[in-house]
DNA sequence: ATGGTCGCGCAGCGA
């Protein structure tokens, strides 16, 4: 089973590239973020033509998450699953695909460390942790994939000195990520790559991509039953090249797991 | 040379 995640920075602007990527990467499950499209305008037919069912949550314009699957989609939960009429920003979507509980996440950016947006980011991560504690089993196959907007450690940062204490690398958000992982999640990419300077996001400006100035903030976190059968992982930098790319590259992980 | 680009949607904000 191949599970992938990609912050596409507008699905409407990126649809052709996403279709192309699916066709050659052949993920079984693909989590998308920053789709910036409402459910009513979600291009389900385009993905159905490639053999994928899809579920989406979006308000248009900003945020937006989706899960595509060619191994089934059931038990969809939108957001934190509470009963409030205002479901909040479209940043979290759950589904069960081929026996794996899957979450597509778009963690709030946080803007400036110490700002109200940053505090909201920490609360959001804690809300996700509490949802895991309350309604998920760490012994079951589960994956949380998406744009976490946190670089787990300094290997994931192009210049840790320059960015020290800044958003994406500050200790409070790294701690929030570790507390999430302490529930029973492993960073699948790190099972196969210990080395530094492997990134998933590069700022559009200043030629950052070509200068290798990036961050690894797109993560695939998995429970031990999946980690134990994880065989391969790749950040597809090829998909960040060329005309009008997303500013994120897709990340994929393979598992010796039969749906 | 201390900025630099996108996407949204039509000014300027967010990332």
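In the numbering used here, the protein residues as written are 99 to 357. All C-beta atoms in this analysis are idealised placements derived from N, C-alpha and C, irrespective of residue type, glycine included.
CA-to-CA distance, residue j to residue i, given in whole angstroms
i: residue 246; j: residue 106; result: 14 Å
i: residue 322; j: residue 279; result: 11 Å
i: residue 211; j: residue 147; result: 43 Å
i: residue 132; j: residue 158; result: 9 Å
i: residue 171; j: residue 345; result: 28 Å
i: residue 248; j: residue 347; result: 15 Å
i: residue 180; j: residue 300; result: 34 Å
i: residue 177; j: residue 196; result: 21 Å
i: residue 126; j: residue 175; result: 20 Å
i: residue 329; j: residue 240; result: 16 Å
i: residue 111; j: residue 354; result: 34 Å
i: residue 302; j: residue 141; result: 26 Å
i: residue 338; j: residue 231; result: 35 Å
i: residue 137; j: residue 100; result: 25 Å
i: residue 335; j: residue 214; result: 33 Å
i: residue 270; j: residue 220; result: 8 Å
i: residue 149; j: residue 234; result: 29 Å
i: residue 341; j: residue 104; result: 17 Å
Residue i: first and last residue of the uninterrupted beta strand (DSSP E) it sits in
i: residue 316; result: 316–320
i: residue 229; result: Per DSSP, residue 229 belongs to no beta strand (DSSP E); it is in the alpha helix (DSSP H), 214–233.
i: residue 191; result: 190–195
i: residue 104; result: 100–105
i: residue 164; result: 163–167
i: residue 173; result: 172–176
Reduced DSSP category for residue i - H, G, I as helix; E, B as strand; rest coil
i: residue 254; result: helix
i: residue 310; result: coil
i: residue 148; result: coil
i: residue 356; result: coil
i: residue 279; result: helix
i: residue 346; result: strand
i: residue 138; result: helix
i: residue 244; result: strand
i: residue 264; result: coil
i: residue 329; result: strand
i: residue 202; result: strand
i: residue 133; result: coil
i: residue 274; result: helix
i: residue 249; result: coil
i: residue 154; result: strand
i: residue 296; result: coil
Test item: CB-CB of residue i and residue j under 8 Å
i: residue 327; j: residue 102; result: no
i: residue 216; j: residue 209; result: yes
i: residue 319; j: residue 283; result: yes
i: residue 281; j: residue 250; result: no
i: residue 317; j: residue 256; result: no
i: residue 152; j: residue 134; result: no
i: residue 243; j: residue 202; result: yes
i: residue 223; j: residue 205; result: yes
i: residue 291; j: residue 331; result: yes
i: residue 118; j: residue 144; result: no
i: residue 325; j: residue 289; result: yes
Host alpha helix (DSSP H) of residue i (start-end)
i: residue 115; result: 109–123
i: residue 288; result: 286–290
Original post:
Within the chosen definition, does the stretch 112–124 reach the stretch 175–194 through at least 3 CB pairs nearer than 8 Å?
Top reply: no
Original post:
Should the stretch 163–170 be regarded as contacting the stretch 126–146, the criterion being three or more beta carbon pairs within less than 8 Å?
Top reply: yes
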